């Protein structure tokens, strides 16, 4: 082989080596990107699950008080049919008032909701408000949740921050509904830092008198308000009774003093 052919062969080998190295680098880079993507997905999934808390399990643990409602509420009702979705002995039972088209239940939180903006979005895979429900109402019945401010009594739309909707898929059995973000109503004057009340509506804009059993409404975390502790004064000066002179401490002579 002459020198030119040897030089060509050498350059060809170098080119093949460089090409092989480039392909290997690309494979490693793609592998790293894959790991990063999986890590991001797992992180987002963990965030979704970590952002939900139960507001009332009707077995003694709750962060809400039930306020105004149009129908009849029994917060210590017997579970009508336990299953793997809800095995609790107790739950809530609500009989809808057919005379009120927009019959609702107000739930007052003992703090403010945190991280609501993560729920109130159409982007990505937002965390979901959830509710366990048992009803004989027709399949496809609308259930709605409104997040708002009890300072405005969650009046619509000014006192409502955001709305969430779900539809039943079963009748006569427990299921867990996942609520999709519907909208921030036009005219809302409530920010996500002012939310301390939940409004629950079964089959709104109807005259139905159906009965709904529900349990473990869950959603954004509740942050209890921080209260300032008043300082405790322990060195108060004793008051002198009226008409008496304040006593002055006697001077004690030092030992050996004349």
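Residue numbers (the numbering used here): 2 to 259.
Cβ coordinates follow ideal geometry from the N, Cα and C atoms, glycine included.
Just so we're clear, the structure is a prediction, and the values are computed from it rather than from any experiment.
Same chain, Cβ closer than 7 Å to residue i, neighbours up to 5 away in sequence not counted
i	result
residue 74	67, 93, 95 and 106
residue 196	113, 114, 117, 148, 149, 150 and 162
residue 98	71, 72 and 104
Backbone secondary structure at residue i - three-state DSSP
i	result
residue 70	strand
residue 119	helix
residue 220	strand
residue 151	helix
residue 179	strand
residue 24	helix
residue 55	strand
Assigned exposure category for residue i - 16 Cβ within 10 Å defines buried
i	result
residue 139	exposed
residue 155	buried
residue 57	buried
residue 100	exposed
residue 88	exposed
residue 152	exposed
residue 170	exposed
Inter-residue Cα distance where the pair is residue i and residue j
i	j	result
residue 168	residue 90	25 Å
residue 203	residue 81	18 Å
residue 222	residue 189	22 Å
residue 61	residue 208	33 Å
residue 63	residue 114	14 Å
residue 183	residue 24	48 Å
9 Å Cβ cutoff, residue i in contact with chain C
i	result
residue 179	Checking the listed chains, one finds no chain C in this structure; it contains a single protein chain.
Cβ-Cβ separation, residue j to residue i (assumed contact under 8 Å), whole Å
i	j	result
residue 164	residue 143	Not a contact, Cβ separation roughly 11 Å.
residue 83	residue 136	Actually they are not in contact, since the Cβ atoms of residue 83 and residue 136 sit about 16 Å apart, beyond 8 Å.
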